[in-house]
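Engineer:
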């Protein structure tokens, strides 16, 4: 088995049959993390505890009593999930050194099933951003920057320029998790998705990024950005693996009152062959200003793919899409202002040395602990929540949110099963270019295609589709009906099979993965 | 000078009597070691979420029903933001938009002119009851320039009961709060002991002339007993009247009652009006309550609250208990008030009545005049009474059977208070207090007295 194998199809079997052991897998991943350190995907590597978990898993396999498919599987977790005994920083000075006493429910579930927690991945500070460039531990680099495919296609502007300054961003805010999965240092990673933070980096890093329906997976232990929109996100290398992770995480949590009560039944994805009964909707508003011609062409080709396979493909309209960014801005900043109020330096986290008064301690602590982006959103949010502004902004935004959600309801009621859209406006930008604009501008631009699904609480998934002319991944997004993840993933899996997205060719990975290579024939979709 | 009309409204916070807090599982307990009852959620650790405590909702529904409120079948939770050391999350979860109960009333009684025989019933409207979190406690240590924070109380469930400004003086406010206290204790929804902080009262006071709009009101805080409530309200009314009559104005401010000086003083300024930036609490769905009609068929019984079910199981409220006492025992209404006002006294009375042939109308005198005044003199509760209901009943039986006079009975009672374990009969024998029934013996004694006082007898006969 190799680091590139699918969980259900190959790795699990290999572990059961003893062809590879959990400790071997763990060591390979840890070694690869070390040699890909320049990606800056991990904030904390929990080497000791990971090896211990791997050893325990190995014992279980020896006794023939593995806990399930995830037993012994190395995974990574975005650093805004609480992990007991392992630092949780949210890439912020406010929580540097903070060791939580409890595990987030999703982390606990993974551990209970024997998964091996390799470490915590890098992100934009408090998950605010679309580049994974604004955390205190520095930006995350997209592994594709170092891929054969990208290097072949990129022309250095001058001989003094090298990879160092040419590297591209991962997207965000779950960039560390996306990079970790993309570079094979783990089999799956947890991200979070509030406005696209799992799907965006998934698209840029060429991996599968699933945003589940709001209320399906527990948020207990996920440090919140926007409580009414946040969901834990799943990043994997194939759709089948995403289904495995979903099955192990979904379900009611009494500790999270926003999870639905209904029983969740984990499912295996059927191998869809006949799409003639499917109706695919193409929302015209997602042909947004700034959409690159390359991505537009791929989107169009994908629509044709479905049509030629017998599916019904129709143009639909989600008329309130263009209001989603401002609406999101109001609601997001308002909740941020509220959620960040607890960071006062008293109970945990950073506390300023100022001794003049409690008030001055609060002010200094929060100025020192938060970056500009966080402080900016807090100020905006407090403004919108002022008594004289509440109706004008917050309540109005709630109403607009309802309209946005209703757009989807109408479209799905008209017979459409799944929506097909681009995930991003363009491929990953070079870091030097990306930082020319501020976080707010970038977020407003990059969230446009992913944000509405969070407003409406709908499930959505990025499926890596093809490489751009410059050798960088392009992904397309499928949006499904509430709680219809099975249908969504089934269609996504079919599409994945059709496009045969090429495997990233990384030197580092070649060196560490001496197992049998599973060569995926890239059926040049582009 | 035109008479002033004082207007008094009250905001009462009653701590809910429950095992655990409103949104977390940590224990509720008075005077525990600092920070020993704090869950991750109470400490506002990032990533923790509120989970509503069913018992607290039931307590609020019970209280709402007892106060004749409409129970809102759908109510909402909100965040109220401000920074303070005893508020770890930087916001309190409360019910600002739609509280759990609205539009109720509370009837209470007062004595006119301090005469127990003239009682009048008044009513105050209850604006609403809302569920909210209590804050922690902070102690300021000025000598060391530090603030000590204890989060034991942070997150404990509170019912905020808002009484409309239908009261006019300290006495009314005190009587209304006393009645509310009795109701809460009868329901068990709050132990409502002011000394333990389980019942906190803030008064809103203003004065105006008839026909004119209401005056500017002040809020009076730091009131630690019902007695002080009456004092604080009356002081504030007087202060406002004097201020206005001297040509001054009343500021819309918060004042603290200083119990030592018996006056209200402006509280340290909170920098003008606070904007609490209310926002819906996104982690709690709307609270839905059901009644018999709306209860869905196959709902998990654990997950729903049926208002009608709670209504059917409400205990007799104080008003009803008093009426029953009057009806059953033929005592006066004001007697029933006193009986219920003292913890355990009604039960003591009923116990004595059961064990004696003396009519309840006569027993009540012994309870209210003799027993109660003795207890008050020695600052004892009914529970701590050295004279049990058994002993008292025993004594009253002797009186009823005419074996002793009522004067003698009082002497026996005085002896019983010593709590030396003697029975009434033993004391009667010891002190030779038996009533003589024998006619002949009585004549002999009288004759002996007359014989011994010849001069006085002659004087009397002569007129």
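Chains as they are written, first to last, in this note's numbering: chain A, 106 to 631; chain B, -3 to 459. A virtual CB, placed ideally from N, CA and C, is assigned to each residue, including glycine. Because the structure is a prediction, the values reported are computed rather than measured.
Please go through the stretch 504 to 566 of chain A and give each complete alpha helix (DSSP H) segment of 4 or more residues, from N-terminal end onward.
Structural biologist: Counting whole runs of 4 or more residues, the stretch 504 to 566 of chain A contains the alpha helix (DSSP H) stretches 536 to 539, 544 to 551 and 556 to 561.
Engineer: Since residue 19 of chain B contacts residue 49 of chain B with CB under 8 angstroms, what's their CB separation in whole angstroms?
Structural biologist: 7 angstroms between Cβ atoms; contact.
Engineer: Can you give the Cα-Cα distance for residue 169 of chain B and residue 270 of chain B, rounded to whole angstroms?
Structural biologist: If you take the alpha carbons of residue 169 of chain B and residue 270 of chain B, they lie about 27 angstroms apart.
Engineer: Which same chain residues end up closer than 6 angstroms to residue 85 of chain B when comparing Cβ atoms and leaving out the 5 residues on each side of it in sequence?
Structural biologist: 40.
Engineer: Contact between the stretch 590 to 606 of chain A and the stretch 374 to 383 of chain A is defined here as three or more beta-carbon pairs at a separation below 8 angstroms; is this criterion met?
Structural biologist: Short answer: they touch.
Engineer: Given a threshold of 16 other Cβ atoms within 10 Å of its Cβ, counted over all protein chains shown, does residue 541 of chain A qualify as buried or as exposed?
Structural biologist: Answer is exposed; the Cβ neighbour count stays below 16.
Engineer: On the DSSP bridge assignment, give the partners of residue 90 of chain B in chain order.
Structural biologist: According to DSSP, which records beta bridges pairwise, residue 90 of chain B is partnered with B/74.
Engineer: Whole angstroms is fine: what's the gap from residue 229 of chain B's alpha carbon to residue 397 of chain B's?
Structural biologist: Cα-Cα distance, rounded: 51 angstroms.
Engineer: To the nearest angstrom, how far is it from the Cα of residue 564 of chain A to the Cα of residue 64 of chain B?
Structural biologist: So the two alpha carbons sit approximately 46 angstroms from each other.
Engineer: DSSP beta-bridge partners for residue 159 of chain B?
Structural biologist: Its beta-bridge partners are B/6 and B/122.
Engineer: Just to confirm my understanding: we take residue 171 of chain B, look at its own chain, exclude 5 residues before and 5 after, and list those with CB closer than 8 angstroms. What are they?
Structural biologist: If we look at residue 171 of chain B and ignore the five residues flanking it on each side, its Cβ neighbours are 104, 105, 106 and 118.
Engineer: Could you name the residues of the same chain whose beta carbon sits closer than 8 angstroms to that of residue 214 of chain B, not counting the 5 residues immediately before and after it, in chain order?
Structural biologist: Correct list, in chain order: 200, 201, 202, 232, 236, 246, 247, 248, 249, 250, 251 and 260.
Engineer: With 16 other CB atoms within 10 Å as the buried threshold, where does residue 327 of chain B fall?
Structural biologist: Answer is buried; the Cβ neighbour count reaches 16.
Engineer: So what's residue 309 of chain B in DSSP terms, helix, strand or just coil?
Structural biologist: In the structure shown, residue 309 of chain B sits in coil (DSSP, three-state: anything other than H, G, I, E or B).
Engineer: Could you tell me which of A/417, A/442, A/582 and A/293 sits nearest to residue 212 of chain A, measuring between CA atoms?
Structural biologist: Checked all of A/417, A/442, A/582 and A/293; the closest Cα to residue 212 of chain A is A/293.
Engineer: Any beta carbon of chain A sitting closer than 8 angstroms to that of residue 49 of chain B?
Structural biologist: By this cut-off, residue 49 of chain B is not an interface position.
Engineer: Restricting to Cα atoms, I'd like to know which of A/579, A/500, A/611 and A/585 is closest to residue 605 of chain A.
Structural biologist: Closest option to residue 605 of chain A, Cα to Cα, is A/579.
Engineer: Give every residue of the same chain whose Cβ lies closer than 7 angstroms to the Cβ of residue 429 of chain A, excluding the five residues on either side of it in the sequence, and list them in chain order.
Structural biologist: Taken in chain order, the residues that qualify are 509, 556, 557 and 560.
Engineer: Within 8 angstroms of any Cβ in chain B, is that where the Cβ of residue 492 of chain A sits?
Structural biologist: Output row for residue 492 of chain A: interface = yes.
Engineer: Beta carbon of residue 150 of chain A, beta carbon of residue 224 of chain A: below 8 angstroms?
Structural biologist: Yes; because the gap between Cβ atoms is below 8 angstroms, this pair is in contact.
Engineer: Which one of A/484, A/487, A/459 and A/218 has the shortest CA to CA distance from residue 141 of chain B?
Structural biologist: For residue 141 of chain B, the nearest C-alpha among the options comes from A/459.
Engineer: For a contact meaning CB atoms closer than 8 angstroms, what does residue 342 of chain A contact in chain B?
Structural biologist: The contacting residues do not exist; residue 342 of chain A stays about 28 angstroms from chain B at best.
Engineer: Using a C-beta to C-beta distance shorter than 8 angstroms, which residues of chain B count as neighbours of residue 359 of chain A?
Structural biologist: Neighbours of residue 359 of chain A on chain B, chain order: 47.
Engineer: Return the CA-CA distance between residue 371 of chain A and residue 514 of chain A, expressed in angstroms with no decimal places.
Structural biologist: Rounded to the nearest angstrom, the two C-alpha atoms are 25 angstroms apart.
Engineer: By the 10 Å Cβ neighbour count, where 16 or more other Cβ atoms means buried, how is residue 511 of chain A classified, buried or exposed?
Structural biologist: It counts as exposed.
Engineer: What would DSSP say about residue 239 of chain B, mapped onto helix, strand or coil?
Structural biologist: Note: residue 239 of chain B maps to helix in three-state DSSP.
Engineer: Which runs of the beta strand (DSSP E) at least 3 residues long sit entirely within the stretch 167 to 221 of chain B? Give them in chain order.
Structural biologist: Segments of the beta strand (DSSP E) lying fully in the stretch 167 to 221 of chain B: 195 to 205 and 214 to 219.
Engineer: With 8 angstroms as the threshold, decide whether the Cβ of residue 239 of chain A is near any Cβ in chain B.
Structural biologist: No, because no Cβ of chain B sits closer than 8 angstroms to the Cβ of residue 239 of chain A.
Engineer: So which residues on chain B does residue 446 of chain A lean against when the C-beta distance must stay under 8 angstroms?
Structural biologist: In chain order: 77, 79, 85, 86 and 87.
Engineer: Give the single residue among B/159, B/14 and B/287 whose Cα lies nearest to the Cα of residue 99 of chain B.
Structural biologist: With distances taken between Cα atoms, residue 99 of chain B lies closest to B/159.
Engineer: Which chain B residues are close to residue 363 of chain A, counting only those with a beta carbon under 9 angstroms from its beta carbon?
Structural biologist: 45, 278, 279, 280 and 281, listed in chain order.
Engineer: Would you call the CB atoms of residue 203 of chain A and residue 474 of chain A closer than 8 angstroms?
Structural biologist: No; because the gap between Cβ atoms is not below 8 angstroms, this pair is not in contact.
Engineer: Checking contacts by CB at 8 angstroms: is residue 561 of chain A closer than that to chain B?
Structural biologist: It does not: the Cβ of residue 561 of chain A has no partner Cβ on chain B nearer than 8 angstroms.
Engineer: Please report whether the beta-carbon of residue 327 of chain A lies at a distance below 8 angstroms from any beta-carbon of chain B.
Structural biologist: Answer yes: the Cβ-Cβ gap between residue 327 of chain A and chain B drops below 8 angstroms somewhere.
Engineer: Within this structure, are the beta carbons of residue 190 of chain B and residue 221 of chain B separated by less than 8 angstroms?
Structural biologist: A contact, by the Cβ cut-off of 8 angstroms.
Engineer: So residue 273 of chain A and residue 287 of chain A are in contact, right, with Cβ under 8 angstroms, and what is the actual spacing, rounded?
Structural biologist: Contact flag wrong, Cβ pair sits at about 12 angstroms.
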